[in-house]
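**Student:** My questions all concern the structure below.
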Amino acid sequence: MAKKLELVAVNKKYKLDNKQTFQALYDISVEFDSGELISIVGESGSGKSTLMNLIGGLDSDFTGQIIADGENLSKLTEKELDKYRKNKVGFVFQSFNLISHLSILDNVTLALTLSNVSEKEKVQRATEMLRKVGLEKQLKKKPTQLSGGQKQRVAIARALINDPEIIIADEPTGALDSATSMQILEILKEIADSGKLVIMVTHSEKVASISSRVVEISDGRIVSDTINENYVKMQVKNEFEEPKEEKKSEKTGTDSKKVDTKSKQISLKKDKQNLSLISAIKLSTHNMWASRVKNFLMAFGVAIGIGSLILMMSFSSGIIDYINNTMKSYSDPEIVTVTKKSESISDVLNFEKNKFTDEEIQTLYSDVNAYLEEKNIDFVVDENSTSFGFSLMTMTLPEASVADTFDLENKKQVYYLYSIPPYYSDKNVIEGSLSTPPELNSSGEIVKKGGFMFTKSIYSLFLDESPIGKEVTITIELPDETKFTFTDTICGIMDSSVMSGYLIAYIDYDYLRALFENTPGAQGLFAPTTVYINTGSEEITNEINSFLSSPDSKYSGSIEDQLAGMFSSMSSTIGTSLTIISCISLLVSAMMILVVLYMSVSERTKEIGVLKSIGARRKDIKRIFTSESFLVGVLSGVFGIIFNLILTFIVWIVLKTTLGIVPISYRWWYFFVAMGVSIVISMLSGLYPASKAAKLDPVESLRRE
Ligand code: ADP
Numbered sequence: 011m012a013k014k015l016e017l018v019a020v021n022k023k024y025k026l027d028n029k030q031t032f033q034a035l036y037d038i039s040v041e042f043d044s045g046e047l048i049s050i051v052g053e054s055g056s057g058k059s060t061l062m063n064l065i066g067g068l069d070s071d072f073t074g075q076i077i078a079d080g081e082n083l084s085k086l087t088e089k090e091l092d093k094y095r096k097n098k099v100g101f102v103f104q105s106f107n108l109i110s111h112l113s114i115l116d117n118v119t120l121a122l123t124l125s126n127v128s129e130k131e132k133v134q135r136a137t138e139m140l141r142k143v144g145l146e147k148q149l150k151k152k153p154t155q156l157s158g159g160q161k162q163r164v165a166i167a168r169a170l171i172n173d174p175e176i177i178i179a180d181e182p183t184g185a186l187d188s189a190t191s192m193q194i195l196e197i198l199k200e201i202a203d204s205g206k207l208v209i210m211v212t213h214s215e216k217v218a219s220i221s222s223r224v225v226e227i228s229d230g231r232i233v234s235d236t237i238n239e240n241y242v243k244m245q246v247k248n249e250f251e252e253p254k255e256e257k258k259s260e261k262t263g264t265d266s267k268k269v270d271t272k273s274k275q276i277s278l279k280k281d282k283q284n285l286s287l288i289s290a291i292k293l294s295t296h297n298m299w300a301s302r303v304k305n306f307l308m309a310f311g312v313a314i315g316i317g318s319l320i321l322m323m324s325f326s327s328g329i330i331d332y333i334n335n336t337m338k339s340y341s342d343p344e345i346v347t348v349t350k351k352s353e354s355i356s357d358v359l360n361f362e363k364n365k366f367t368d369e370e371i372q373t374l375y376s377d378v379n380a381y382l383e384e385k386n387i388d389f390v391v392d393e394n395s396t397s398f399g400f401s402l403m404t405m406t407l408p409e410a411s412v413a414d415t416f417d418l419e420n421k422k423q424v425y426y427l428y429s430i431p432p433y434y435s436d437k438n439v440i441e442g443s444l445s446t447p448p449e450l451n452s453s454g455e456i457v458k459k460g461g462f463m464f465t466k467s468i469y470s471l472f473l474d475e476s477p478i479g480k481e482v483t484i485t486i487e488l489p490d491e492t493k494f495t496f497t498d499t500i501c502g503i504m505d506s507s508v509m510s511g512y513l514i515a516y517i518d519y520d521y522l523r524a525l526f527e528n529t530p531g532a533q534g535l536f537a538p539t540t541v542y543i544n545t546g547s548e549e550i551t552n553e554i555n556s557f558l559s560s561p562d563s564k565y566s567g568s569i570e571d572q573l574a575g576m577f578s579s580m581s582s583t584i585g586t587s588l589t590i591i592s593c594i595s596l597l598v599s600a601m602m603i604l605v606v607l608y609m610s611v612s613e614r615t616k617e618i619g620v621l622k623s624i625g626a627r628r629k630d631i632k633r634i635f636t637s638e639s640f641l642v643g644v645l646s647g648v649f650g651i652i653f654n655l656i657l658t659f660i661v662w663i664v665l666k667t668t669l670g671i672v673p674i675s676y677r678w679w680y681f682f683v684a685m686g687v688s689i690v691i692s693m694l695s696g697l698y699p700a701s702k703a704a705k706l707d708p709v710e711s712l713r714r715e
C-alpha cells in the first residue's frame, strides 16, 4: 500500500536576486506513513523549514515528486494546492501564529469559514476540537489572554479542524518551557497515535527522543533516518481517535470531512465551497474592530468629503427650487415679459439704452408675429394685447443713467423705481394693498392714483412704525443734474423675496407717465423698458418665451428672469466651487484609504500567511480585503450623512439669520448617491492593497517577523 507521504528525488533551489540560485535541498527521497511521529532535526539553515514548506504545499517550486495522500503536489494547480492545504495538511508554528483580533473559537473555525461550513457546525466542531486539547473553557478569550502552551494548543486545534491527514509542526515547542513542551508533545503524540502523520521540526533532543522516528538533515541532505525502537503507541483509545462507528455513519453523510482517506479524496475534488461573502464581511468586521480607532478616523476623513458632496447637491437644488418658486409667484403664465437684451453689465444699467422707442416696439410686434406665423400659432401681438412698464436696474452705480435719491425725512437712500407689473396681485402684498383708491377733484378728474409699493427693505427705515400711509418724496436726478420730484403715500409692502434685498419703489406706470406728461424735460423719461404681452394662454406664452430666449434673440425676459439668471449663475459658481472642494476632499479620502489599507496589508502580512497556510485562496484574501474597503465605504457613507446633517443644520442657522432665506433642498436619492460614491471610492482605493495582499507569497509572509 502506498505510504501517506512519499518524496522522490526532491531538489529545491532558491532564486537569488542576481540571477543566481541557492540549492537548499538535494535529492531528498523519503517515505512517511500514518501513525508516525517524525522529528526532523538538523542545524539551523540545513533546510528543515524548506522541506516543511514543500510538504505543506506552501511552496510548489521544486523538482522531483512529492506524493501526499495520493496527490502529486508537483502536478497540482494553484487552486488545487489551496485545497490541499485546506483539507489535507494542518500547520503548527513555533510562534503559534494565531490571529490576535479573533477569539480562540474564531481562530479555530477560520479554516472551516474558508470552506463555508455552516455556523452551527463550525462552532460544534471547533468546540469539540478545543475540548480535546483541554481548552473548552477559553473559547471566548483572545490569544493574548492565553499562556504560550495554551496558544499552541489553540494552534493544534486549528490545524486539526479540517481533519487533515498530515500535521506539520515547525518547532512547536520552541517557544515553550519544558513542562509545557511535554504537554504539547503529548498531544502531538496522541494525534499521531490516532492514525495521522505528524512531522515536526525540532532542535530539542528530548523532543526527538519521544518521537517514533528521527530524520536528520544536514546541508540539504538526509544524513540519518532512525526508527525509535522504544516508541510505544498508546494502547488506550485516545481523544483524537475517531470512533469506528462514527466513521462509518459519516461516510454516507453529505459532509465528508471526517471520513476515511478514500472518500475524503472524493470530497476534496467535489469541495467547491469557498469563503462566502458574508463570512468575508464578518471577518473584515473583526479586523476593522481590531483597529477601530484608525478605521473610525479614516471614515471621518471620508465623511467630510461625502458630507460636503451632499451639501453641495442640496445647495444647488435648493437654489434652483428657490428660484423656481419665486419665479412662479412673480409671473403670470399668460403674460410674456419682454425687455431688451443687454450685451454687458453696463448695458443692463444703461436705462436710456433699455428704453423701447415706438419703432422698436413695432419691430418687436413684427418679430414675434413672424415667429408665431411660422409656428402656425393663431395669435397676433399688437397694441390690444400689450401693456408697458419700466424698471431701473441701476444697481446703485453712479454711472447709471438715472441716479435716484430717496429723501425720506432727510435720510438719503439709493433706490430703484419700477412700475407695478400687470401680474402682481394681492398675493404679492404682505401689508397694505397694491394701490390706493384714486383721489378725484371737484370736477371728477383723477388727481392722485396708486401710491408707492415698497419692498420689505423699507421697514428698516421706519423701524417700529408701519410705513403704510406715510408720504415719501422721491427725487430723480439725471446725470445733467436735472431733478424731478414727486410725492406720494406708501400703499403697500411687497413680498418680493428675490428682490427684498433691494429698496424698490413700485408705482403704477400709466399714472406716473400721466403725472409727468406736461413737465418740461421729462418727456421720454418714463418711456417703456418693458413690454407685457397678454397672450391669454400658457401655451402661447411658452412659445413666445422660447422665441425670446433663443441665442440670437434681441430680447430677454423680466427683471425677475434676469435676477433668476444671476442667482443661477451665482449658484452654479458656488456649486462648482463646492464640487471642486468636495472632489478634492474625496480624492484625499481615496488616497487616505489606499494608504491605510496598504499599511494594513503590511501589518497583517503574517496573518495573510497563516490564512494561506490553512488553505485561503488568493480570491479569499482579496475578498477579505475588498470586504474591508466595502465596510469602510459604508461606514464613511453613514458618517458622511450624519456629518452632512450637522453641517446643514449649521449652514441653515447661519443663512436664516443672515439672509433670511435657506436655499437648501434635499432629494431623497442624494443620500443613496452619497452612499454609492463613498462605497465606490473606498472599493476602488482598496483594489490595489487587496490584490497586493492576495499576491503575497505564503512562505515569505510566514517568515515575516
Ligand atoms: P532551517 O529551517 O533548517 O533553519 P531553512 O529551510 O530555513 O533552514 O533554510 C535552508 C537554506 O535555504 C538556508 O541556507 C537559507 O538561507 C536558505 N533559504 C531559505 N529561504 C530562502 C529564500 N527565500 N531565498 C534564498 N535562500 C533561502
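Residue numbers for the sequence shown follow the numbering used here, beginning at 11 and rising by one. C-beta: ideal position from N, C-alpha, C; glycine also. Computed from a prediction, not measured in an experiment: that's the story for all the values here.
Are the Cβ atoms of K14 and E175 separated by less than 8 Å?
**Tutor:** yes
**Student:** Can you name, in chain order, every residue of its own chain whose Cβ lies under 6 Å from the Cβ of T123, other than the five neighbours on each side?
**Tutor:** Spatial neighbours of T123 in its own chain (CB-CB distance under 6 Å, excluding positions within 5 residues in sequence) are listed in chain order as S289.
**Student:** Measure the CB-CB distance between L195 and I220 and report whether it falls below 8 Å.
**Tutor:** yes
**Student:** Pull up the distance between the alpha-carbon of I726 and that of C501, whole angstroms please.
**Tutor:** This structure gives no information on residue 726, because the portion of the chain shown stretches from 11 to 715.
**Student:** Expressed to the nearest angstrom, what Euclidean distance is found between the alpha-carbon atoms of L156 and I624?
**Tutor:** 22 Å
**Student:** Give the C-beta separation of Y428 and S401 to the nearest angstrom, bearing in mind that I take them to be a contact with Cβ-Cβ under 8 Å.
**Tutor:** Right, the Cβ-Cβ distance comes to about 5 Å (below 8 Å), so this counts as a contact.
**Student:** Please confirm whether any heavy atom of the ligand ADP lies closer than 7 Å to the CB of L149.
**Tutor:** For the ligand ADP, not one heavy atom lies less than 7 Å from the Cβ of L149.
**Student:** Excluding sequence positions up to five away, which residues of its chain have a Cβ less than 6 Å from the Cβ of G567?
**Tutor:** T347
**Student:** Could you have a look at R163 and say whether DSSP puts it in helix, strand or coil?
**Tutor:** Three-state result, R163: helix.
**Student:** Using a threshold of 7 Å, is the CB atom of Y94 nearer than that to any non-hydrogen atom of the ligand ADP?
**Tutor:** no
**Student:** Which partner residues of Q75 appear in the DSSP bridge assignment?
**Tutor:** The beta-bridge partner set that DSSP reports for Q75 consists of V18.
**Student:** Hey, which unbroken runs of the alpha helix (DSSP H) at 4 residues or more fall wholly within the region 96-178?
**Tutor:** Runs of the alpha helix (DSSP H) lying entirely within the region 96-178 and spanning at least 4 residues, in chain order: 114-123, 129-142 and 158-170.
**Student:** Reducing DSSP to helix, strand and coil, say where D27 ends up.
**Tutor:** Reduced to three states, the DSSP call for D27 is coil.
**Student:** On the CB-based measure, 16 or more other CB atoms within 10 Å of its CB, does M322 come out buried or exposed?
**Tutor:** buried
**Student:** With DSSP as the reference, label V346 as helix, strand or coil.
**Tutor:** strand
**Student:** Measure the C-alpha to C-alpha separation of D417 and D436 and round it to an integer number of angstroms.
**Tutor:** For D417, the pLDDT reaches just 49, beneath the cut-off of 50, and the residue's location in the model is therefore unreliable, leaving the point undetermined.
**Student:** Does the region 659-669 touch the region 588-606, meaning 3 or more C-beta pairs lie closer than 8 Å?
**Tutor:** no
**Student:** Of the choices S556, I387 and Y375, whose alpha-carbon is the least far from that of S397?
**Tutor:** Y375
**Student:** So, helix, strand or coil for F496, using DSSP?
**Tutor:** strand
**Student:** Taking 8 Å as the cut-off, decide whether the C-beta atoms of T719 and K365 are in contact.
**Tutor:** Summary: the structure shown does not reach residue 719, with the chain confined to residues 11 through 715, and so no result is reported for it.
**Student:** Could you pull the start and end residues of the beta strand (DSSP E) that E548 belongs to?
**Tutor:** Membership of E548 in any beta strand (DSSP E) is not indicated; the residue belongs instead to the alpha helix (DSSP H) covering E548 to L558.
**Student:** Check whether the Cβ of G52 sits closer than 7 Å to any heavy atom of the ligand ADP, and report yes or no.
**Tutor:** Using a cutoff of 7 Å, the CB of G52 counts as near the ligand ADP, since one of the ligand's heavy atoms is closer than that.
**Student:** I want to check one thing, is the minimum distance from the CB of L68 to the heavy atoms of the ligand ADP below 7 Å?
**Tutor:** No, the ligand ADP has no heavy atom inside 7 Å of this Cβ.
**Student:** Out of L207, D71, V672 and E638, which one is the CA nearest neighbour of H296?
**Tutor:** E638
**Student:** Counting beta carbon pairs with one atom in the region 601-609 and one in the region 697-710, are three or more of them shorter than 8 Å?
**Tutor:** yes
**Student:** Starting from the C-beta of E41, find all residues in its chain whose C-beta is less than 8 Å away, skip the five residues before and the five after it, and write them out in chain order.
**Tutor:** Around E41: K13, L15, E16 and L17.
**Student:** For the alpha helix (DSSP H) containing P699, list its first residue and its last residue.
**Tutor:** W679 to K705
**Student:** How would you call Y24, buried or exposed, if buried means at least 16 neighbouring beta carbons within 10 angstroms?
**Tutor:** Y24 comes out exposed.
**Student:** Please state whether the Cβ-Cβ distance between L186 and G144 is less than 8 Å.
**Tutor:** no
**Student:** For K764, which residues in the same chain have their Cβ closer than 7 Å to its Cβ, ignoring the five residues on either side in sequence?
**Tutor:** The structure shown does not extend to residue 764, since the chain is modelled only from 11 through 715, so no value can be given for it.
**Student:** Work out the CA separation of D331 and G460 for me, nearest whole Å.
**Tutor:** Rounded to whole angstroms, G460 and D331 show a C-alpha spacing of 33 Å.
**Student:** Below 8 Å, can you find three or more Cβ-Cβ pairs linking the region 701-710 to the region 616-634?
**Tutor:** yes
**Student:** Excluding the 5 residues flanking H111 on each side, which residues of the same chain have their C-beta closer than 6 Å to its C-beta?
**Tutor:** H296 and A300
**Student:** Whose C-alpha, out of H213, V164 and K206, is nearest the C-alpha of S188?
**Tutor:** Considering only alpha carbons, the answer is H213.
**Student:** Does the contact criterion of 3 or more C-beta pairs under 8 Å hold for the region 20-37 versus the region 97-113?
**Tutor:** no
**Student:** Tell me whether S228 counts as near the ligand ADP, meaning its Cβ is closer than 7 Å to at least one heavy atom of that ligand.
**Tutor:** no
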